[in-house]
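Report on the following structure.
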Amino acid sequence: MVTDVRKAWTARILTLFPEMFPGPLGQSLAGKALEKGIWRLETMQIRDFAPDKHRTVDDTPFGGGAGMVMRPDVVDAALAAASADGLGPAIYLTPRGRLLTQELVGQLATGPGVVVLCGRYEGLDERVIEARGLIEVSLGDFVLSGGEPAALALIDACVRLLPGVMGAEETLDEESFTAGLLEYPHYTRPAVWNERAVPEVLMSGHHEKIKAWRQTQAEETTRSRRPDLWDAYRKRGT
Ligand code: SAM
């Protein structure tokens with residue numbers, strides 16, 4: 029099945045390194061879906077929007093300090109072009125952003141697509157973030173050398189939620205975070221490996237007992253590893 033490309037979910041990436049894409053997104057599930065036209069990947073070179081002949085995108089920070097800052101005028105021109113057809117929202121990947129969660133991924137995957145701005149150097153001039161109302165999103169509490177690896181992760185997480193990308197829909201239902209819990213542990217053959225046996229209940233064929241065991245495992249794993257998620261899950265009363 030080839031999807032109508034005008035309707036396909038679109039990831040439009042603003043970057044100084046377009047050659048980093050599709051990278052891992054050209055492989056496996058995402059790659060096959062890309063080939064089928066279930067989603068579209070577009071890259072835009074930010075440097076193409078620089079007004080000078082040297083195609084300069086950065087400058088020294090006002091107030092001094094190390095490193096360079098991406099210029100607001102250049103990034104604004106790139107964002108204007110990227111948003112001209114109404115594709116949105118526009119996301120700026122930054123360690124200062126809200127944490128990328130499965131909830132946000134789900135919201136992005138149900139829309140028409142995303143415009144993703146990948147930072148480099150020390151980051152972006154604050155004024156263009158404000159002026160464009162960029163949604164600031166972080167991959168986690170660590171610093172990458174650029175936004176591109178974060179963009180690959182964000183897009184991968186969205187693409188696998190698009191209809192027709194994954195095989196069995198129920199795989200998604202039982203995943204970590206979908207119900208607010210981390211996932212239960214998995215086992216496959218051999219039934220005994222290095223003297224470690226698979227939990228008996230999983231060999232019982234008793235679907236209700238297996239379901240209950242998995243729920244208990246998911247709750248216990250979440251409670252011990254992620255008290256923040258566990259508190260939120262209990263408050264929701266689900
Ligand atoms: N000076 C910035 C700071 O301390 O927050 C770090 C800049 S980092 C070297 C360059 C770019 O990498 C950022 O502008 C951002 O686009 C991207 N980046 C780095 N860490 C990230 C993270 N945890 N999540 C999302 N993007 C990140």
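Quick note on this note's numbering: the sequence shown kicks off at 29 and runs consecutively.
Where a beta carbon is used, it is the ideal one built from N, C-alpha and C, also for glycine.
What you are looking at is a predicted structure, and each value in this text was computed from that prediction instead of being measured.
Contact test: residue i Cβ vs the ligand SAM heavy atom, cutoff 7 Å
i	result
residue 124	yes
residue 10	Not covered by the structure: residue 10. The range shown for the chain is 29 to 266.
residue 172	yes
residue 190	no
residue 147	yes
residue 178	yes
residue 166	yes
residue 150	yes
residue 175	yes
Beta carbon of residue i nearer than 8 Å to that of residue j
i	j	result
residue 183	residue 145	no
residue 156	residue 80	no
residue 180	residue 62	no
residue 166	residue 224	no
residue 42	residue 112	no
residue 70	residue 99	no
residue 89	residue 97	yes
residue 176	residue 45	yes
residue 245	residue 215	no
Bridge-paired residues (DSSP) for residue i
i	result
residue 225	220
residue 97	87
residue 258	Residue 258 is not bridged to any residue.
residue 42	72, 145
residue 37	67
task: Only counting runs of 3 or more residues, tell me where the beta strand (DSSP E) segments fall wholly within the region 54-81, in order along the chain.
output: 67-73
- prompt: What are the uninterrupted segments assigned as alpha helix (DSSP H) that are 4 or more residues long and contained completely in the region 118-194, given in chain order?
  reply: 130-138, 154-160, 176-187
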